[in-house]
Amino acid sequence: MLSRFGLIAFASSLDTPGIFTRSVTDTTLVYDSMVGRDFNDSTSIDANENCSNSFDHLELFKSKYKKGSGLKGVKIGIPIEFNVEELSNTMRELWQYGIDLLEQEGAEIVSVSLPHTKYSLATYYIIAPAEASSNLNRYDGIKYGHKVQTKKVLTLNEFYQQSRSEGFGTEVQRRILMGNFCLSRDSFDNYYGKAQKMRMLIKQDYQRIFDSGISFILTPTTPTPPFLISKQSSNPTEEYLNDVYTVPISLAGLPAISLPIKRSFENFEGQSGLPLSLQLISRWRQENNLLNVAWCLEQNANMQQLKLEEIEF
Amino acid sequence: MYRNLNIFRSYSTSWESVIGVEIHAQIKTTTKLFSNAPNSFASLPNTLVSLMDCSYPGSLPSLNTRCVSLAIKTGIALNCKVNKKSYFERKHYFFPDLPSGYQITQQSIPLLINGHLTITMPDYEKTIRIQQIKLEQDSGKTLSDIDRDLSMIDLNRAGTGLMEIVTEPDLSSSNEVAIFIKNVIGILQTVGSCDCNMDQGSLRCDVNVSVKRKGGKDGTRCEIKNLNSIKFITKAIEFEVQRQIKIIEENEIVTQETRFYDASKDITYFLRSKENFVDYKYFFEPDLLPLEISENEINSLKNRLPELPQLKRERFILQYKLNNFEANLLVEDNFYSNFFEQCLGLKRCPTKIANWIINILFRLLPNRRECTLTPFQFCFQVKFVIKLIIEGNKEPIEDIVENFNSQSNYQNLNFFCEEVISNYPEQVAKFKSGNINIINFLVGKAVKK
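Following this line, the structure appears as structure tokens:
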């Protein structure tokens, strides 16, 4: 829906421009200006009436909205597999809070199952680094970008190795190496090949849910409240666990919006007042309706604006 | 001398050559395969480069459908099956003339497969199977001969569409390869999908050569690159076959390698070993959709195919009563088959015209591809023919006349022209030294006759 032309490519089949705003209404404005087929991006498609002019659709929705019954007839799915051990109590309570908010507005809450959820992190961390390693091949120091500066005469391979080692940070190098491994001839079938098949199964999980009458899925955005920079984990795999709720949506290629619902009261690592977010997911090409319901959630949550002075980083 | 003896020796001990050919043909479109930069040969370096061609961050490929149409037409002309759904893949390797670090090509499921082409040799016919034809990007050019310390990269060619035509190893001699490539060139030019200009690099051929004893098991094949003309291809194959036979006869083993042909020494030399195998990490190109062709599109392209060389040759033989040799020569190059038929429009004598073209025009033109005569001039205007004969000057005039006389009894312009030229050497010399008007004197004499 949104063209990738002009984005520095990371993982082509997963990349999409991300819209950051301070309100759902603002999101509709930015989205409307970007949506549609771009001939520069062969994988972009035309928008239909369910996923364009979202601002006008939202205005219409707002004007007709009746508090207490605005979401009557809307079925919201709660995936049981997302309720994992790693989910902190704070976030679990937030999830329940969001569910209650929507139920108060007339929505019907349904428990759903997405059986392949537990494989999504592994699938993502095979596909993304594989495609990224390919897209990053172009940064070789020859035509643009960082080039090794040395008086020594280097062979071509040495030139590439040194320019790229100097130019790429640790995490990028890690992902390139992982990606190269997954795409190598001996590993391809077991890693990239299998990951693509699993991706299809994950996508079908969501399709089945939406086909059965569920319009939206509600989940926390992250398993824990935001971590402080000073308290960041040094183990990259632990870091990757933070993506566990957003990664399956990315693999399935579904529209989703994450919005802050409330500030944390409980002391999480000695902090309070941190913004906690929930994620709403809709079926493909239903962005207008997604934004409508997101607005509804935003209204009822009535999240306090964050003041940076209150937080110790 | 030594080499010639070897040829006799090897053929007499029942060796067979097993040869396969890979032809890279640049697709004749105004823009490149995935970018809208112009596709042209002679331009200042790095002036035909779009963001996509130099892999600028944020650039994405956008398929030029005309390339697909031309490739499908070529494939149909070569009796291939069209894969209604084919995929583009990325082939990764690092080299300065490959800006993105990967080439967009087709690997597992190419556009066209399982074709064939029947070639007519002097004593027999042979069908050569075509394994596949795939679409891919051309790389840029690396020039190392301009500056001693620097390699210069010109990306004008980067991203140009290529059809890679791969045969099964059905060819058994350098002659067969030469005829096969000429036939393919004829088809490509007729369909209009490639210029087939080997000097300019719009058609490049690599050959895979191996030898085996008759009835023995297959040998190891070597790939030969840097073959810029059909003549070099023939010579390189002959050298390589000898080289491999010699190795095996000395009880050594032929190693699988890539070799380069050096035209000045008429040898192939080792470039790189195939045993250090490169892992290209192929996977499906995520920036492009699968290439889907409908039955209707295929039929529409099939109906728009012009008359192919094979059919044209048969028609020339049937309709104009030409013999095999004449028909073959005329049909080889689109330009000359058209020239021939246009001459027929002016002067109705097919065998005569064919004769003139083959025995006079071809022999006198320094380069067959550069014929500035029009059919009208050729048929009627003595002036131009004389000029050509004098400038051509490849053989003594007496020989040409001799040859010509033995082909036909008909008294015609050219015969008189040649007589005139041999009778007035002074005037010919004057013409050669720049006195152009003297030609009128010669013309006058010819007309009188």
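Residue numbers (my numbering), protein chains in the order written: chain A, -11 to 301; chain B, 2 to 450.
C-beta atoms are modelled at their ideal positions from N, C-alpha and C, and glycine is treated no differently.
Just so we're clear, the structure is a prediction, and the values are computed from it rather than from any experiment.
CA-to-CA distance, Arg364(B) to Leu312(B), given in whole angstroms: Cα to Cα, Leu312(B) sits roughly 26 Å from Arg364(B).
Go to Asn209(B), then tell me how far its beta strand (DSSP E) extends in each direction, as first and last residue. Unbroken beta strand (DSSP E) run through Asn209(B): Leu204 to Arg214.
Own chain residues within Cβ distance below 6 Å of Lys86(B), not counting five before or after: Cβ within range, chain order: Pro291 and Glu293.
Taking the straight line between their C-alpha atoms, what separation do you get for Ile254(B) and Ile234(B)? Rounded to the nearest angstrom, the two C-alpha atoms are 24 Å apart.
If Phe(-2)(A) sits next to Ala120(A), beta carbons under 8 Å apart, how far is it from one beta carbon to the other, in whole angstroms? Sure, about 5 Å apart at Cβ, within 8 Å.
Provide the residue span of the beta strand (DSSP E) that contains His25(B), from first to last. Looking at the DSSP string, the run of the beta strand (DSSP E) that includes His25(B) is Trp16 to Gln27.
My guess is that Glu327(B) and Ile361(B) are in contact by the Cβ rule of under 8 Å, so how many angstroms apart are they, rounded? Contact flag wrong, Cβ pair sits at about 13 Å.
First through last residue of the alpha helix (DSSP H) which encompasses Gly155(A): Gly155(A) -> alpha helix (DSSP H) spans Leu144 to Gly155.
Looking at Val62(A) and Ser200(A), is the spacing between their C-beta atoms short of 9 Å? Judged by their CB atoms, Ser200(A) and Val62(A) are not nearer to each other than the 9 Å cut-off.
Measure the alpha-carbon distance for Cys344(B) versus Ser338(B) and round it to whole angstroms. Rounded to the nearest whole angstrom, the C-alpha separation of Cys344(B) and Ser338(B) is 10 Å.
To the nearest angstrom, report how far apart Tyr53(A) and Ile33(A) are at their CA atoms. Going from the Cα of Tyr53(A) to the Cα of Ile33(A) covers about 31 Å.
To test your reading of the DSSP string, which unbroken alpha helix (DSSP H) runs of 4 or more residues are found completely within the stretch 267 to 343 of chain B? If we require 4 residues or more, the alpha helix (DSSP H) runs fully inside the stretch 267 to 343 of chain B come out as 296 to 304, 310 to 321 and 325 to 333.
So which residues of chain B does Arg126(A) contact, with C-beta pairs closer than 8 Å? The answer, in chain order, is Ser56, Pro58, Pro100, Ser101 and Gly102.
Is there at least one Cβ from chain B nearer than 9 Å to Ser122(A)'s Cβ? Judged by the 9 Å Cβ criterion, Ser122(A) is in contact with chain B.
Leaving out five residues before and five after Trp283(A) in sequence, what residues of the same chain have Cβ atoms less than 8 Å from its Cβ? The residues Val12, Thr13, Leu46, Phe49 and Lys50, in chain order, have a CB closer than 8 Å to that of Trp283(A) in the same chain once the five nearest residues on each side in sequence are set aside.
Check whether chain B comes within 9 Å of Phe176(A), counting only Cβ atoms and requiring the distance to be less than that. At a cut-off of 9 Å between C-beta atoms, Phe176(A) counts as an interface residue with respect to chain B.
Determine the closest residue to Cys55(B) out of Gly133(A), Gln84(A) and Gly6(A), with distance taken between C-alpha atoms. For Cys55(B), the closest of Gly133(A), Gln84(A) and Gly6(A) by C-alpha to C-alpha distance is Gly133(A).
Across the stretch 150 to 165 of chain B and the stretch 267 to 281 of chain B, are there enough close Cβ pairs to call them in contact, namely three or more that are closer than 8 Å? As far as the Cβ criterion goes, the stretch 150 to 165 of chain B does not touch the stretch 267 to 281 of chain B, which means the pair count is below three.
Lys304(A) versus chain B: which residues are under 8 Å apart at the beta carbon? Since the first and last residues shown for chain A are -11 and 301, residue 304(A) lies out of range.
Between the alpha carbons of Lys282(B) and Leu171(A), how many angstroms are there, rounded? C-alpha separation (whole angstroms): 5 Å.
DSSP bridge partner residues for Ala244(A) (one or two, in chain order): When DSSP reads this structure, Ala244(A) sits in a beta bridge with Ile269(A).
Check whether the Cβ of Ser108(A) lies closer than 9 Å to any Cβ atom in chain B. So, not an interface residue.
Going along chain C, which residues have a C-beta under 9 Å from Ala244(A)? In summary, chain C is missing from the structure at hand, where the protein chains are A and B.
Using 8 Å for Cβ pairs, my map puts Asn125(A) next to Gly160(B). What's the rounded Cβ distance? Going by Cβ atoms, the distance from Asn125(A) to Gly160(B) rounds to 16 Å, so no, they are not a contact pair.
Determine the extent of the beta strand (DSSP E) in which Met186(A) is found, giving its start and end residues. Element bounds for Met186(A): not the beta strand (DSSP E) but the alpha helix (DSSP H), Lys182 to Asp199.
Per-residue contacts from Gly315(A) into chain B (C-beta, under 7 Å): One cannot answer for residue 315(A) here, as it falls past the ends of chain A, which runs -11 to 301.
Separation of Val212(B) from Asp171(B), as counted between CA atoms: When rounded, the distance between both Cα atoms is 12 Å.
CA nearest to the CA of Gly167(A), picked from Gly220(B), Phe284(B), Ile299(B) and Val83(B): The shortest C-alpha separation from Gly167(A) is found at Phe284(B).
Does the distance from the CB of Pro208(A) to the CB of Leu285(A) come in under 9 Å? If you check the CB distance, Pro208(A) and Leu285(A) do not come in under 9 Å.
Neighbour list for Asp280(B) in chain A, Cβ cutoff strictly below 8 Å: Counting only Cβ-Cβ distances below 8 Å, Asp280(B) has contacts in chain A at Ser172 and Arg173, in chain order.
Does the distance from the C-beta atom of Val473(B) to that of Ile24(B) stay below 9 Å? The question about residue 473(B) has no answer, for chain B in this structure spans 2 to 450.
Can you check whether the CB of Ile105(B) is closer than 9 Å to the CB of Glu137(B)? Ile105(B) sits close to Glu137(B), with the two beta carbons spaced by under 9 Å.
Is there a C-beta anywhere in chain A that falls below 9 Å from the one on Pro97(B)? With 9 Å as the cut-off, Pro97(B) counts as an interface residue toward chain A.
Starting from the C-beta of Leu204(B), find all residues in its chain whose C-beta is less than 8 Å away, skip the five residues before and the five after it, and write them out in chain order. Scanning its chain for C-beta atoms nearer than 8 Å, with the 5 sequence neighbours on each side dropped, one finds around Leu204(B) the residues Ile24, His25, Ala26, Gln27, Ile186, Leu189, Cys195, Asp196, Cys197 and Asn198, in chain order.
Considering only the alpha carbon of each residue, which of Asp20(A), Val23(A) and Leu59(A) lies closest to Gln287(A)? Closest option to Gln287(A), Cα to Cα, is Leu59(A).
Just list the residues that DSSP pairs Glu126(B) with in beta bridges. Residue pairing by DSSP places Glu126(B) opposite Thr121(B) in a beta bridge.
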